[in-house]
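Q: First the structure, which I've put down as structure tokens, then a few questions once you've had a look.
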Amino acid sequence: MNRLAGEPGDADADVEAAKLRAALQSWGLFAVTGHGMPDPFLDEILAATRGFFHLPPEEKERYSNVVVANDGDGGGERFQTEGYGVDRVDTDEQILDWCDRLYLQHPAALRGLLEEYTRRSEQVFRRVLSATARSLGFGEEFFADKVGERVATYARFTYYPPCPRPELVYGLKPHTDNSVLTVLLLDKHVGGLQLLKDGRWLDIPIMSNGVFIAPVHRVVTSERERVSVVMFYQPEPHKDLAPSEELVDRRGAAGAIKAKDFGDGVWDAFAAGERTIDMLKVKIEQEEANVSNTYL
Numbered sequence: 008m009n010r011l012a013g014e015p016g017d018a019d020a021d022v023e024a025a026k027l028r029a030a031l032q033s034w035g036l037f038a039v040t041g042h043g044m045p046d047p048f049l050d051e052i053l054a055a056t057r058g059f060f061h062l063p064p065e066e067k068e069r070y071s072n073v074v075v076a077n078d079g080d081g082g083g084e085r086f087q088t089e090g091y092g093v094d095r096v097d098t099d100e101q102i103l104d105w106c107d108r109l110y111l112q113h114p115a116a117l118r119g120l121l122e123e124y125t126r127r128s129e130q131v132f133r134r135v136l137s138a139t140a141r142s143l144g145f146g147e148e149f150f151a152d153k154v155g156e157r158v159a160t161y162a163r164f165t166y167y168p169p170c171p172r173p174e175l176v177y178g179l180k181p182h183t184d185n186s187v188l189t190v191l192l193l194d195k196h197v198g199g200l201q202l203l204k205d206g207r208w209l210d211i212p213i214m215s216n217g218v219f220i221a222p223v224h225r226v227v228t229s230e231r232e233r234v235s236v237v238m239f240y241q242p243e244p245h246k247d248l249a250p251s252e253e254l255v256d257r258r259g260a261a262g263a264i265k266a267k268d269f270g271d272g273v274w275d276a277f278a279a280g281e282r283t284i285d286m287l288k289v290k291i292e293q294e295e296a297n298v299s300n301t302y303l
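The sequence shown finishes on residue 303 if you use the working numbering, and the numbering steps up by one all the way, no holes.
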């Protein structure tokens, strides 16, 4: 990371930025070194993550994501995003992921660690954002100005229990992330992350997502338990998301959309295991075709 921090015109920083651009264009991911977070600190986060998932079931069930609605229509159950349980079911063909979204209170040690890790991880995010802008010949604040100062940050602590038949079960179905950048802290002992490259699923080694691709990836299960910590960074909700005019020809344009509306297409893409930007392109092309037909 230190090599990306040079002043404009710094030859070494420009070389590292070019390497970063190549990695993003061809793979969509890269390993980060020199981030300033010591191994004992990262080990402590992973250990506390295991502690959270080893809480007894009755403790977790207190925070279910299926609640009884009191909306004047006779009650009934409804799904809420935050809580303990499986994701919302939209279709019979949907591959289900168990994904708990909770306001972190226990273990108490993990909350303090998360606050410190969030602060340090955002420094990595900002540094990479500046370097990607430099790699494209823009000023270092080009992307930072577009996402805003108060980026939405989501932390996901993942736990994959031991699976006796890992060849039959996904840990996490194929998908792309809807974040500007995703920072992964992976289990140091058990792998499982795979990337789709040229039609083949490739194992990603254990290591500390247009022009830059958002890779389709998945997680496979193992006979051993595995944990990871994922940080997602998204623009301020009022920001417009659109390709830079300098980078786009008409065929590659995905169109403009508010950051807060981008999530409307994210769930459909996630459930289908597709890239959100591809689904947006198809939608825009269909809308343009409908407009053209109106004038025939």
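The beta-carbon is built from N, C-alpha and C at its ideal position, and this holds for glycine as well.
These numbers come from a predicted model, not from an experiment.
Below 8 Å on the Cβ atoms is my contact criterion, and I expect Leu117 with Thr56 to pass it. Report the Cβ-Cβ distance as a whole number of Å.
A: Along the sequence shown, read from residue 1 onward, the residue named residue 117 stands at position 110. Along the sequence shown, read from residue 1 onward, the residue named residue 56 stands at position 49. Indeed, because the Cβ distance is near 7 Å, the residues count as touching under 8 Å.
Q: Just reading off the beta strand (DSSP E) that Leu203 is part of, what are its end residues?
A: On the sequence shown, position 196 is the one that residue 203 refers to. Here the beta strand (DSSP E) through Leu203 covers Leu200 to Lys204.
Q: Go to Phe149, then tell me how far its alpha helix (DSSP H) extends in each direction, as first and last residue.
A: Position 142 of the sequence shown, counted from the first residue, corresponds to residue 149. Phe149 to Val154 is the span of the alpha helix (DSSP H), which, as asked, contains Phe149.
Q: Tell me whether Ala12 sits in a helix, a strand or coil according to DSSP, three-state version.
A: Here residue 12 refers to the residue found at position 5 when the sequence shown is read from its first residue. The answer is helix: DSSP assigns Ala12 an H, G or I state.
Q: Name the two residues that bound the continuous beta strand (DSSP E) containing Asp210.
A: For the purposes of this step, residue 210 is taken as the residue at position 203 of the sequence shown. Note, Asp210: beta strand (DSSP E), Arg207 to Asp210.
Q: Residues in its own chain within less than 8 Å of Glu230 by CB, not counting five upstream and five downstream?
A: Position 223 of the sequence shown, counting from 1, holds the residue named residue 230. When the five nearest sequence neighbours on each side are left out, the beta carbons in the same chain lying within less than 8 Å of the beta carbon of Glu230 are those of Pro169, Cys170, Pro171 and Pro173, in order along the chain.
Q: Which residue comes first and which comes last in the alpha helix (DSSP H) that contains Arg28?
A: Here residue 28 corresponds to residue number 21 of the sequence shown, with the count starting at 1. Per DSSP, Arg28 belongs to the alpha helix (DSSP H) from Ala18 to Ser33.
Q: Suppose contacts are defined by Cβ-Cβ distances below 8 Å. Is Pro181 in contact with Arg225 by that definition?
A: Counting from one through the sequence shown, the residue named residue 181 turns up at place 174. Counting from one through the sequence shown, the residue named residue 225 turns up at place 218. Cβ atoms of Pro181 and Arg225: closer than 8 Å.
Q: Going by DSSP in three states, Phe145 sits in which element: helix, strand or coil?
A: Against the sequence shown, residue 145 aligns to sequence position 138. Of the three classes helix, strand and coil, the one that applies to Phe145 here is coil, per DSSP.
Q: Rounding to the nearest angstrom, what Cα-Cα distance links Val187 and Ala140 in this structure?
A: Along the sequence shown, one-based indexing puts residue 187 at 180. Along the sequence shown, one-based indexing puts residue 140 at 133. Distance between the alpha carbons of Val187 and Ala140 is about 13 Å.
Q: Would Tyr177 and Val234 be called neighbours here (beta carbons separated by less than 8 Å)?
A: Position 170 of the sequence shown holds residue 177. Position 227 of the sequence shown holds residue 234. No, they are not a contact pair.
Q: Please state if the CB of Glu129 and the CB of Ser137 are separated by a distance shorter than 8 Å.
A: The residue given as residue 137 occupies position 130 in the sequence shown. The residue given as residue 129 occupies position 122 in the sequence shown. No, the pair does not count as a contact, with Cβ atoms beyond the cut-off.
Q: Pick from Asp21, Leu53, Ala29 and Gly35: whose alpha carbon is nearest that of Leu203?
A: For the purposes of this step, residue 203 is taken as residue 196 along the sequence shown, with counting starting at 1. Measuring from the Cα of Leu203, the nearest candidate turns out to be Gly35.
Q: Quick check: the Cα distance between Lys153 and Pro63, rounded to an integer number of angstroms?
A: Here residue 153 refers to the residue found at position 146 of the sequence shown. Here residue 63 refers to the residue found at position 56 of the sequence shown. The alpha-carbon of Lys153 is positioned some 43 Å away from that of Pro63.
Q: Within its chain, find whatever has a CB closer than 6 Å to the CB of Ala30; leave out the 5 residues flanking it on each side and keep chain order.
A: In the sequence shown, the residue the question calls residue 30 occupies position 23. Closer than 6 Å at the Cβ level, and outside the excluded window around Ala30, lie Phe37.
Q: Among Phe145, Leu49, Gln241 and Thr40, which residue has its Cα nearest to the Cα of Glu122?
A: In the sequence shown, residue 122 corresponds to position 115, counting from 1. Selected option, being the one with the closest Cα: Leu49.
Q: Between the alpha carbons of Gln32 and Glu65, how many angstroms are there, rounded?
A: For the purposes of this step, residue 32 is taken as the residue at position 25 of the sequence shown. For the purposes of this step, residue 65 is taken as the residue at position 58 of the sequence shown. Their Cα atoms are separated by approximately 46 Å.
Q: Within this structure, are the beta carbons of Gln201 and Val227 separated by less than 8 Å?
A: Position 194 of the sequence shown, counted from the start, is the residue given in the question as residue 201. Position 220 of the sequence shown, counted from the start, is the residue given in the question as residue 227. Yes, the Cβ-Cβ distance between Gln201 and Val227 is below 8 Å.
Q: What residue range does the alpha helix (DSSP H) around Ala55 cover?
A: As a working note, residue 55 is residue 48 in the sequence shown. Taken as a continuous stretch (DSSP letters only), the alpha helix (DSSP H) holding Ala55 covers Asp46 to Phe60.
Q: Which two residues bound the contiguous beta strand (DSSP E) that contains Gly178?
A: For the purposes of this step, residue 178 is taken as residue 171 along the sequence shown, with counting starting at 1. Run containing Gly178: Tyr177 to His182, per the beta strand (DSSP E) assignment.
Q: Pull up the DSSP beta-bridge partners for Gln241, would you.
A: On the sequence shown, position 234 is the one that residue 241 refers to. In DSSP, Gln241 forms a bridge with Ala159.
Q: Does Ala24 pass the burial test, meaning 16 or more other C-beta atoms within 10 Å, or should it be called exposed?
A: Working through the sequence shown from its first residue, we reach residue 24 at position 17. It counts as buried.
Q: With 16 other CB atoms within 10 Å as the buried threshold, where does Asp46 fall?
A: As a working mapping, residue 46 is identified with position 39 in the sequence shown. Counting Cβ neighbours within 10 Å, Asp46 comes out exposed, since fewer than 16 surround it.
Q: Measure the C-alpha to C-alpha separation of Arg258 and Arg10 and round it to an integer number of angstroms.
A: Within the sequence shown, the letter at position 251 stands for residue 258. Within the sequence shown, the letter at position 3 stands for residue 10. Caution applies to Arg258, whose pLDDT of 45 falls short of 50 and renders its modelled position unreliable; the value that the coordinates give is listed next. So the alpha carbons of these two residues sit roughly 35 Å apart.
Q: For a quick check, are the C-beta atoms of Thr189 and Phe149 less than 8 Å apart?
A: The residue given as residue 189 occupies position 182 in the sequence shown. The residue given as residue 149 occupies position 142 in the sequence shown. No, the Cβ-Cβ distance between Thr189 and Phe149 is not below 8 Å.
Q: Mind checking who Tyr124 pairs with in its DSSP beta bridge?
A: Indexing the sequence shown from 1 puts residue 124 at position 117. DSSP, once it has assigned bridges, lists no residue as partnering Tyr124.
Q: Could you give the DSSP three-state label for Phe132: helix, strand or coil?
A: Walking along the sequence shown from the start, residue 132 turns up at place 125. Secondary structure of Phe132 (DSSP, three-state): helix.
Q: Quick one: what's Leu193 bridged to in DSSP?
A: Translated into the one-based positions of the sequence shown, residue 193 becomes position 186. In the DSSP output, where bridge partners are listed per residue, Leu193 has Ser235.
Q: Look at Asp194 and Leu27 and say whether their C-beta atoms are less than 8 Å apart.
A: In the sequence shown, residue 194 corresponds to position 187, counting from 1. In the sequence shown, residue 27 corresponds to position 20, counting from 1. Not a contact, by the Cβ cut-off of 8 Å.
Q: If you run the structure through DSSP and keep just helix, strand and coil, what is Gly259?
A: One-based indexing of the sequence shown puts residue 259 at position 252. Per-residue confidence for Gly259 stands at a pLDDT of 48, beneath the threshold of 50, marking its modelled position as unreliable; no derived number is given.
Q: Mapping DSSP to helix, strand and coil, what is Leu36?
A: If you number the sequence shown from 1, residue 36 lands on position 29. The answer is coil: DSSP assigns Leu36 none of H, G, I, E or B.
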